[in-house]
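Chemist:
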Amino acid sequence: MREQSSNDSITQSSKTKQTNVFRGGETKVMKKSLSILLALAMVFSMFASVAVAEETEMTAEEKFDTLKEKGIFEGYDDGLPHLEDNMTREQAAKIIALVFELDLDTPEAPTFSDVAADRWSYEYVEAAAAADIINGVSEGVYAPKDNVTVEQFAKMIAVGYANATDMEIDMEATVDSENVSAWAQPYVALALEAGLIAEADDYTADATRTVLVEGAYVANAKVEELAEAAKELKVKSLSADSLVQVVVEFNAALDAESAEEEGNYDLSDSIDVGDAELQEDGKTVVLTVEELDNQDEYKIEIDGVKSAGGNTLEDYEGLFTAFDADLPTVEGLEFTGPKSFTVTFSEPMDPEVEGKVEVKKGSKKLSVDKNDTKVSGNEVFVELNSSFKDGEEYSISISKYEDFAEYANVSFKEAFDYEDSKDAPTASIEDVTQTVIEVKFDKPVSGVNKDDFNHTYTGWKALYITETKGEVPSNVEASLDKVTTLFVVFDDGEDGEDGDHALPSGTVEFTISSGDIEDNWGNEFVKTTYELEVAADRDAPTVTGVEVESGTSVEITFSESVKVDSDNYKFLDSDGDEVKIDITAEGSDDNKTVTLTFEDDNQEGETLTLVISDVVDDTLYENEMEEYTEELVFDDLTFDLVDRVEFKDALDSDDNLGTFNEGDDLLYIIFKEAVSDSAVDSDNYRLYNDSTLAKLDGEFEYFEEDHIIQVELTEDDFDKLTTGYNKLVLSDIEDINGNGMDDFQITEGIVAFDSEDTRAEAEVSVTGSNEVTIEFDQRLEDVNEVGFTIFVDGEEAVIDGIEEDLNDDGYTVLKLTLDDEDVDGDDLAIATDASLVTVEFDRDADDVEIANIFGVKPADFTADSTPTGTEIAVEDGYAPELVAVDPVVVTGANTVTIEFTEDMDSDELYKGFFEVNGETPTSVSVIDEVITLTVADDVLVAGEDLEITIDEDKLADESGNFFEGEDDLTLEDIVIP
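Under my numbering, the residues of the sequence shown are numbered 453 to 1429, in order.
1) Please tell me whether Leu730 and Val737 are closer than 7 Å, where the distance is taken between their beta carbons.
2) DSSP three-state label for Thr662, please.
3) If contacts are defined as beta-carbon pairs under 8 Å, then Val577 and Ala625 qualify, I think. What distance do you get, rounded to the angstrom?
4) Spatial neighbours of Thr601 within its chain, please: C-beta separation below 8 Å, excluding the five flanking residues on both sides.
5) Does Glu680 come out as helix, strand or coil in the three-state DSSP assignment?
6) Under the assumption that Ile1282 contacts Val1275 (Cβ atoms under 8 Å), give the Cβ distance between them as a whole number of angstroms.
7) In angstroms with no decimal places, state the Cα-to-Cα distance between Val593 and Lys515.
8) Enumerated in chain order, which unbroken segments of the beta strand (DSSP E) with a length of 3 residues or greater are wholly contained in the stretch 1242 to 1281?
9) Report the rounded CA-to-CA distance for Ala581 versus Thr920, giving the unit in angstroms.
10) The beta strand (DSSP E) that contains Phe1293, what's its start and end?
11) Between which two residues does the beta strand (DSSP E) carrying Ser710 extend?
12) Just the C-alpha distance for Asn1141 and Leu695, rounded to the nearest angstrom, thanks.
13) Within the continuous alpha helix (DSSP H) that includes Ala650, where are the two ends?
14) With distances taken from CA atoms, which of Gly814, Val1342, Glu1167 is nearest Glu1114?
15) By alpha-carbon positions, which one of Thr996, Val1224, Gly1321 ends up nearest to Lys1267?
16) What residue range does the alpha helix (DSSP H) around Phe516 cover?
17) For Pro956, is the classification buried or exposed, using 16 other Cβ atoms within 10 angstroms of its Cβ as the cut-off for buried?
18) With distances taken Cα to Cα, identify the nearest neighbour of Glu1416 among Asp1279, Gly1364, Gly1220.
19) Any idea if Ser759 is buried or exposed, counting beta-carbon neighbours within 10 angstroms, 16 or more meaning buried?
20) Spatial neighbours of Val1181 within its chain, please: C-beta separation below 6 Å, excluding the five flanking residues on both sides.
21) Taking the continuous beta strand (DSSP E) assigned at Ala1286, which residues delimit it?
22) Specify the secondary structure class of Pro803 as computed by DSSP and reduced to three states.
23) Residue range of the alpha helix (DSSP H) that Asp1194 falls in?
24) For His907, list the residues DSSP reports as bridge partners.
25) Which runs of the beta strand (DSSP E), 3 residues or longer, sit entirely within the stretch 1121 to 1203?
26) Please report the residue range of the beta strand (DSSP E) in which Tyr1021 lies.
27) When the Cα atoms are used, what is the spatial distance from Leu836 to Ser931?
28) What's the call for Thr1284, buried or exposed, on a 16-neighbour Cβ count within 10 Å?
29) Identify every run of the beta strand (DSSP E) within the stretch 691 to 755, keeping only runs that are complete inside it and at least 3 residues long; order them along the chain.
30) Where Gly1192 and Phe1091 are concerned, what is the direct C-alpha to C-alpha distance, given to the nearest angstrom?
31) Mapping DSSP to helix, strand and coil, what is Gly770?
32) Give me whichever residues DSSP pairs with Thr1314 in a beta bridge.
33) When the Cα atoms are used, what is the spatial distance from Gly761 to Lys674?
34) Following the continuous beta strand (DSSP E) through Ile1324, name the residue where it begins and the one where it ends.
35) How about Leu1280 and Ala1331: are their beta carbons less than 7 Å apart?
36) For Lys686, tell me which candidate among Thr1320, Val698, Leu706 has the shortest Cα-Cα distance.
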């Protein structure tokens, strides 16, 4: 038995189910309609939907006014439309000629004897006759002053419509009515099917002005729609009045799918296009982009956007200047609950800037929850710590929010009458595929669980729900709160996954049950069933754009979501041989964009061929794309210059310095990136002693890596370096991609080999009760624990293991794990405030092997929790914890304390981080490691349990480490002292 809905429509006034037909996502195969009109409407879906919407919403008088503004109808002297009046045949001819934009050229002789050349309607009647829309009541007679009947007008508008749309009229079609002439049957049938006239009791009766208005309005919309479709697609304007949005206005209505495909747009300076949204006018696309620089010029390339009529814009390039000179303004404010409201700005606002929201009832301020107040796009979602009261007036002011040009908003202050909402939340279906349904509620709702959604059968529940498309929640059983849009996943594409119930193609019933879904006022969602038209996706994905982001990153945009696999991508050199690159492929939120990264294999300056193969879309049928290839140029535009220059004065046979040792006395020039052969050209270097330049005569060659140059010094070179020539002047050096130095020449100081300036320096932090992390500023080799000593509270620790890693700069990071007993066998653990810890490194200790590429060991260091003199600091990277015994204590009728293992940060402490028995404290304070919560009367009740909830990632110690312990604390049967 099919599950019945207690409310079968998302609108309260309707008793029928809502049918949603979607043309995005996987819904690509549409059911063919026998109606020619519906077929046309699918081709021009945007205009058709607008026209239909207007037909259902506008009155006949409003339609008359619209046609009057276009010059198709004329009003009476009294200014009224008089829609109940009849119209003559010549008036009908004028309307037909204007609606279908007929050629008004007139013949040398009149076609009809009763419509002379000097008659006002002559050009309109002749235009309609020339188009075979009218042919008179008899041979050579038109009867212009006779009233036009409904069926006569039906023929005129049906033939005009068929001509305009290249449609053939079915001359066998009939109408189920006795009051229609035999000759008029096919014309009335088409006019009814196309919505050009309404059903009538008697089609032979005289037509009122209303009949002509209704028909002319629909036909005019179709004619304008066809004209739009026939246009050559062009970009009309480009603008960027907000620094995170680019507005592209086209000259014609667009195909929504191609218009909203981010890969069809490419910006200069590797600016990413994050989203493309077609606006209500159907012609304008707003691109959400990475932040632009104000008043800078950018180039945009557009390729693949289609008009509604199927014309494609190819290889367009245009320039625009990002220019934000306007202060953002508040454009609207909407209450979304008793403790929340949404502010809408005129442009996107910077989420990094904390604005000011002030809510007052008279002179009393309502506290704003700054932690839960968020900025998203041009909206700010404001949460309060207390509730509005129904029927009361509140003053709300908004200030100090900034746009991306750093302009603060125009200060806003206005009074609002607050009313509790009694309306149940409703939901609409935004998009549907065979695996995912996008649901949008009309206001924020909470308590939404995956089990609230099913299709076809009550047992076919959702696999999970998520706010971010493509993201799998860590806990699929958890409910979502304060959500508006979510994605309901019925099939995740994993073979053999229990619970997968993909939507079948065809008409599918989708139900949202009531469950615990309610809005912020507590209004419950009413169970609703929707009928969805779902089509199977049989189309393979295509590549819509490839962009080289950098020497280590390539971004690929597909026509639809794909499954991401690094093995689907490879690069070939000019000989067609595969280049060995360690590729990592990562998909965007919707997996329509895949970014390839290869950080250890910089390809700057290379020209490679990208090969994409075996890629399948992320649909039920996993349609496979044909192999795709494209030649890519990896540009390198900068040269990072020199890191340091080292002079190695080798020891002689007597272990003395200062004497020349051929082949052992060297100069090392360490660049920050790989350099070309220009770096081994001695003519590009000079020694300098602040007054005189001297050429280097030694032999230049690469040393192990292509960013290090070794110079085997001559005796003359050596003598200069030991007698005051302590600088090196470089010129005409290029990196391996041909990027030269910005300046004509640069001067670098020369440091002694194995001097303090050449040794790796360290930063030390405690990152756990038995873990110390040491981060160096060079890459090191032969890593082991020899040379390192760690003391905790004066006792030497046992280093139980060492883990080596590289940071983002390619430098060495060591994690040293300590045994839980010291060298004497006593218990050992580091305090959570990282106190009493000392870490030492002795480069001269026996058997120390750790060193850089030149064999130079790191610098000696002593790191201490309380450094003095030359010691470096041991940073606290250890999160605070609750004390083991009685962490929560009731200290009074209105006070509770929470004790931690170290001093807590008071600067960012806020009462909204806590709930005590479901209530927010009235105040919060901290002294050292103890936080005191003060609550209202009657919150603490003797003999009952005390429950404290702590917000995650809010409480921190004085070093900024967040508390990560239990966030729900319970104290049973409390005693109030």
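In this text, a Cβ means the ideal position worked out from N, Cα and C, and glycines have one as well.
Since this is a predicted model, take the numbers as computed values, not measurements.
Modeler: Walking through what the data contain:
1) yes
2) Looking at Thr662 - three-state DSSP - the assignment turns out to be helix.
3) Going by Cβ atoms, the distance from Val577 to Ala625 rounds to 27 Å, so no, they are not a contact pair.
4) Tyr655, Thr656, Ala657, Asp658, Ala659
5) helix
6) Rounded, the Cβ-Cβ distance is 16 Å, inconsistent with contact.
7) 32 Å
8) Segments of the beta strand (DSSP E) lying fully in the stretch 1242 to 1281: 1247 to 1258, 1264 to 1274.
9) 60 Å
10) In the DSSP assignment, Phe1293 falls within the beta strand (DSSP E) that extends over 1289 to 1293.
11) That residue, Ser710, is in no beta strand (DSSP E); its alpha helix (DSSP H) goes 708 to 711.
12) 50 Å
13) Looking at the DSSP string, Ala650 is not in any alpha helix (DSSP H), and its letter there is neither H nor E.
14) Glu1167
15) Val1224
16) Counting along the chain, the alpha helix (DSSP H) containing Phe516 begins and ends at 512 to 521.
17) exposed
18) Gly1220
19) buried
20) Excluding sequence neighbours, Val1181 sits near Arg1138, Tyr1140, Gln1197, Thr1199.
21) In this chain, Ala1286 is not harboured by any beta strand (DSSP E), its DSSP state being neither H nor E.
22) coil
23) From DSSP, Asp1194 is part of no alpha helix (DSSP H); its letter is neither H nor E.
24) DSSP lists Phe962 as partners of His907.
25) Given a length threshold of 3 residues, each whole run of the beta strand (DSSP E) inside the stretch 1121 to 1203 is given here in chain order: 1137 to 1140, 1145 to 1147, 1151 to 1155, 1157 to 1164, 1179 to 1183.
26) 1021 to 1024
27) One C-alpha to the other measures close to 22 Å.
28) buried
29) DSSP runs (the beta strand (DSSP E)) wholly in the stretch 691 to 755: 697 to 702, 717 to 719, 725 to 730, 736 to 741, 749 to 754.
30) 6 Å
31) strand
32) Glu1292
33) Between the alpha carbons of Gly761 and Lys674 lies a gap of roughly 13 Å.
34) 1324 to 1328
35) no
36) Leu706
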